[in-house]
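One structure is given here, and the rest of the page talks about it.
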Amino acid sequence: MPLKLNSNIDQLKKNLEEISKTNQLRFDELFNAEFLSEHTSFTSLDDMFEKSGFKVESADDFKAIPDQEWEDFIIANTSFESWEEMQKAAAVAVLSKRMHQGLK
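Here it is as structure tokens:
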């Protein structure tokens, strides 16, 4: 039994070291199908952009969306009370999954 605990601790340490190197997360990684299906009616990031009514084909397109209009869309179409809350929840989900990767 101690061996399993030690290997999990070693794996957890390795995972946390990798997470500590993370400076940013990609949009498609944050807002993956699993996250979106749990918190929205969208099947993918592209589906969310398409249904938003905004043309989003690049980072510049996304940056051009008026903040309040995007905020209103997120509030109306997700389980979140703000775009910031949605981003934080997505980051926590991704990092938590990374942290637990390989644990037995």
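The sequence shown begins at 372 in the working numbering and counts up by one.
All residues carry an ideal CB built from backbone N, CA and C; glycine is no exception.
- Taking the CA atoms as reference points, SER408 sits about 6 Å from THR414.
- For ALA447, the uninterrupted alpha helix (DSSP H) segment begins and ends at 438 to 448.
- The residue from LEU401, ASN394, ILE436 with its alpha-carbon nearest to that of GLU456 is LEU401.
- Rounded to whole angstroms, GLN458 and ASP432 show a C-alpha spacing of 18 Å.
- Around the CB of ALA404, fewer than 16 other CB atoms lie within 10 Å, so the residue is classed as exposed.
- In the DSSP annotation of this structure, GLU428 is not part of any alpha helix (DSSP H), being labelled neither H nor E.
- Under the DSSP definition of a beta bridge, THR411 partners with THR449.
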